[in-house]
Structures are given as C-alpha cells and as structure tokens.
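Peer 1: With our numbering, you'll find the sequence shown wraps up at 291, consecutive numbering, no jumps.
Quick reminder that beta carbons are idealized off the backbone N, C-alpha and C, glycines included.
All values derive from a computational prediction rather than experimental measurement.
Have a look at this one.
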Amino acid sequence: ELALSKYFALLLNPRGEHGQGSLFLDLFLQQFDIPSWLRKEELVNCKVTLEKQTNAMRRIDIFLQFKSGVIGIENKPWAVEQNNQLNDYKDFLKSSVKQMDNYLLIYICNSSPSSLDSDKQSSNFAQMSFAQILKWLGQCMQYTQALNVRVFIEELQKFIRTEVNGELDMSLESVLVNTILSDKNHLEAMFDVCNVAESIKQKLIKQLEEQLLDEIKSNHPSWILEFYMGDLKKKWSGFNIQFNKSHDFKL
Numbered sequence: 041e042l043a044l045s046k047y048f049a050l051l052l053n054p055r056g057e058h059g060q061g062s063l064f065l066d067l068f069l070q071q072f073d074i075p076s077w078l079r080k081e082e083l084v085n086c087k088v089t090l091e092k093q094t095n096a097m098r099r100i101d102i103f104l105q106f107k108s109g110v111i112g113i114e115n116k117p118w119a120v121e122q123n124n125q126l127n128d129y130k131d132f133l134k135s136s137v138k139q140m141d142n143y144l145l146i147y148i149c150n151s152s153p154s155s156l157d158s159d160k161q162s163s164n165f166a167q168m169s170f171a172q173i174l175k176w177l178g179q180c181m182q183y184t185q186a187l188n189v190r191v192f193i194e195e196l197q198k199f200i201r202t203e204v205n206g207e208l209d210m211s212l213e214s215v216l217v218n219t220i221l222s223d224k225n226h227l228e229a230m231f232d233v234c235n236v237a238e239s240i241k242q243k244l245i246k247q248l249e250e251q252l253l254d255e256i257k258s259n260h261p262s263w264i265l266e267f268y269m270g271d272l273k274k275k276w277s278g279f280n281i282q283f284n285k286s287h288d289f290k291l
C-alpha cells in the first residue's frame with residue numbers, strides 16, 4: 041500500500057522526475073469534479089507529502105497542499121479503512137485550511153467506505169476506483185514520450201490490474217484459453233471446475249480460519265481473531281487480528 045502511494049505521489053508531484061510538470065496532477069483531478077476553490081494556475085506549485093501525520097496521530101497516504109486549500113488522498117488497494125479513520129482525516133483537512141470548505145478528501149478503493157455516510161455526496165469527498173486510476177494512468181501515457189516514464193507507468197498499470205483488480209496477465213490468459221479449447225476433455229474439465237469453484241473457495245477459507253486459530257491459540261493466546269470471510273458475496277470480506285483487548289489497533 042505504501043509503495044503504491046509512493047508511486048502515485050511521484051506522478052502527482054509537479055516537480056517530479058517525470059518532467060511533465062503539473063500535467064499528471066491535472067489529469068488526475070479531471071477524473072472527478074475539480075474543487076471550485078482550486079485554480080488551475082495553483083497546480084504547478086503543489087506541495088506533495090507522503091504519510092502526513094494528522095492531529096489524531098494517523099497518517100494520510102498522500103497530502104497535496106495548494107495556496108488556497110488542501111487535498112488528502114487515502115489509498116486502500118486491499119484493506120478497509122479503520123474505525124473512524126476517514127472522519128479523522130476530514131477533520132484534519134478542515135483544520136488545515138483558512139477557508140472552511142477549501143479541502144477535499146479522495147478515497148481510492150474498489151469498495152465504498154463504511155464511514156462518512158453523510159458526506160459521500162459532499163463536494164469535500166470523492167471516491168475513485170482502481171479502474172479510474174487505470175484510466176488516469178492511460179491518459180498520462182498518451183502525453184509521455186520519455187521511455188523510462190512510459191515503462192514505469194506501464195508496469196504500474198500491470199501491477200494494479202493483476203494484484204489489485206485481480207485480472208489475469210494477458211499472456212497467461214491467452215495460454216489458458218488456447219489450452220482449454222484445444223481438447224474436448226479440457227473443456228469438460230473446465231466446466232466441472234466451474235461448477236465446484238464456490239465449494240472449493242469455502243473449503244479453503246475454512247482451512248485458513250482453522251489454521252489461524254490454531255496458530256494464535258498455540259503461540260499468541262492473548263490475540264483475538266475476527267474472521268468474516270464466510271460469504272464472499274458480502275460487501276466486506278476479510279479478517280483482522282487484535283493484539284491487545286485494551287487497544288483499538290488491528291492488523
């Protein structure tokens with residue numbers, strides 16, 4: 041997550057080594073309604089900070105500071121937000137500006153946040169999916185001539201497609217399709233696997249839960265496991281580990 045935020049910040053930084061000035065930042069902001077308080081001429085002087093510490097001792101992944109306001113970006117490729125995390129970020133951003141509404145919180149995730157229900161339609165909050173991130177990176181590619189920058193963006197796109205969005209590498213997908221279609225038995229086996237795929241997933245999930253519980257019971261009896269992966273069709277699916285009952289921090 042931190043590495044991905046670092047790569048985004050490199051592209052968003054007008055003084056970055058990509059040599060494109062504020063172009064990539066401008067294209068990024070065009071993925072949604074650009075805040076009315078933000079003037080385009082301010083982009084070139086944007087200050088980009090990684091892991092900006094808030095008043096609540098949390099850290100916003102990417103912090104963009106402009107003359108007239110600020111933008112905070114929370115990047116969640118895999119995990120969900122912590123309890124009250126986005127509200128804390130919103131309060132921090134609001135306290136960081138002279139004009140109360142001159143801030144924007146951007147949430148990059150393929151799932152909607154569990155908090156901020158009252159602010160999801162607010163002009164101070166915007167959500168981006170990783171499909172939108174891929175669209176942005178594609179637009180950046182169109183304006184990039186430097187080979188090293190193009191390769192960097194291409195590799196970043198490939199990583200997001202396979203590791204975040206769960207897409208198959210195109211070369212592997214082609215091999216699998218050709219192998220399945222080359223033989224009638226392969227095709228029948230593929231349909232058999234599809235029919236039992238859900239049962240296989242559930243069995244593997246159950247095995248994972250049992251293995252985690254055994255490990256915790258044997259070596260870390262004070263830890264608490266919260267497992268909520270029984271139904272993968274639900275909005276939230278995953279597990280966390282609480283290391284101490286008196287602490288709110290979880291893995």
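1) Can you list, in chain order, the residues of its chain with a C-beta nearer than 8 Å to that of His226? Leave out the 5 residues immediately preceding and following it.
2) For Gln247, report the span of its alpha helix (DSSP H) as first-last.
3) Any idea what DSSP makes of Gly278, helix, strand or coil?
4) Between which residues of its own chain and Met140 is the CB-CB distance below 7 Å, once the five residues before and five after are set aside?
5) Who are the near neighbours of Leu73 in its chain, counting only those whose CB is closer than 8 Å to its CB and skipping five residues on each side?
6) May I ask you to report which of helix, strand or coil DSSP gives Thr219?
7) Helix, strand or coil: which one does DSSP assign to Asp73?
8) If I measure Cβ to Cβ from Lys87 and keep anything under 6 Å in the same chain, skipping five residues before and after, which residues do I get?
9) What first and last residue would you give for the beta strand (DSSP E) that runs through Gly112?
10) Compute the Euclidean distance between the alpha carbons of Pro261 and Ile245, then round it to the nearest angstrom.
11) Give a yes or no on contact between the stretch 139 to 154 and the stretch 176 to 183, applying the rule of three or more CB pairs nearer than 8 Å.
12) Anyone know if the C-beta pair for Thr94 and Asp128 falls short of 8 Å?
13) When you compare the CB positions of Ser152 and Val110, do they come within less than 8 Å of one another, or not?
14) So, is Glu228 buried or exposed, given that buried needs 16 or more other C-beta atoms within 10 angstroms?
15) Give me the DSSP bridge partner(s) of Ala166.
16) Alpha carbon to alpha carbon, how far is Phe279 from Ile100?
17) Going by C-alpha to C-alpha distance, which of Asp131, Lys107 and Thr202 sits closest to Glu352?
18) Would you tell me roughly how many angstroms separate the C-alpha atoms of Asn284 and Trp176, rounded to the nearest one?
19) If you draw a straight line from the alpha carbon of Ala237 to that of Gln247, how long is it in whole angstroms?
20) Taking the C-alpha atoms as reference points, what is the distance between Gln185 and Phe192?
Peer 2: On the basis of the data shown:
1) The residue labelled residue 226 in the question sits at position 186 within the sequence shown. Scanning its chain for C-beta atoms nearer than 8 Å, with the 5 sequence neighbours on each side dropped, one finds around His226 the residues Thr219 and Ile220, in chain order.
2) Working through the sequence shown from its first residue, we reach residue 247 at position 207. Per DSSP, the continuous alpha helix (DSSP H) segment holding Gln247 begins and ends at Lys224 to Asn259.
3) For the purposes of this step, residue 278 is taken as residue 238 along the sequence shown, with counting starting at 1. DSSP places Gly278 in strand when its eight states are reduced to three.
4) To locate residue 140, count along the sequence shown from 1; it is residue 100. Leaving aside the five residues that flank Met140 on each side, the residues in its chain whose CB is nearer than 7 Å to its CB run, in chain order, Lys134.
5) Residue numbering aside, residue 73 sits at position 33 when the sequence shown is read from its first letter. In the sequence as presented, Leu is not what sits at residue 73; that position holds Asp. Counting only residues of its own chain and dropping the five nearest sequence neighbours on each side, Asp73 has a CB closer than 8 Å to the CB of Ser163 and Ala166.
6) On the sequence shown, position 179 is the one that residue 219 refers to. The answer is helix: DSSP assigns Thr219 an H, G or I state.
7) By one-based count along the sequence shown, residue 73 stands at place 33. It is coil, neither helix nor strand.
8) As a first step, residue 87 must be located in the sequence shown, where it is residue number 47. These residues qualify, in order along the chain: Gln105.
9) What you label residue 112 is simply residue 72 of the sequence shown in a count that begins at 1. That run of the beta strand (DSSP E) goes Val110 to Asn115.
10) The residue labelled residue 261 in the question sits at position 221 within the sequence shown. The residue labelled residue 245 in the question sits at position 205 within the sequence shown. Across the structure, Pro261 and Ile245 are spaced so that their CA atoms are roughly 22 Å apart.
11) Contact fails: fewer than three Cβ-Cβ distances are below 8 Å.
12) The sequence position of residue 94 within the sequence shown is 54, counting from 1. The sequence position of residue 128 within the sequence shown is 88, counting from 1. Yes, they are a contact pair.
13) Looking up residue 152 in the sequence shown gives position 112. Looking up residue 110 in the sequence shown gives position 70. No.
14) The residue you call residue 228 lines up with position 188 of the sequence shown. Burial is judged here by how many other beta carbons sit within 10 angstroms of a residue's own beta carbon; Glu228 has fewer than 16 and is exposed.
15) The residue you call residue 166 lines up with position 126 of the sequence shown. As DSSP reads the structure, Ala166 sits in a beta bridge with Ile146.
16) On the sequence shown, position 239 is the one that residue 279 refers to. On the sequence shown, position 60 is the one that residue 100 refers to. When rounded, the distance between both Cα atoms is 23 Å.
17) Here the chain comprises residues numbered 41 to 291, so residue 352 is not present and cannot be evaluated.
18) By one-based count along the sequence shown, residue 284 stands at place 244. By one-based count along the sequence shown, residue 176 stands at place 136. Straight-line Cα distance between these residues: approximately 41 Å.
19) Looking up residue 237 in the sequence shown gives position 197. Looking up residue 247 in the sequence shown gives position 207. Cα-Cα distance, rounded: 15 Å.
20) Here residue 185 is taken as the residue at index 145 of the sequence shown, counted from 1. Here residue 192 is taken as the residue at index 152 of the sequence shown, counted from 1. Gln185 and Phe192 have their C-alpha atoms some 12 Å from each other.
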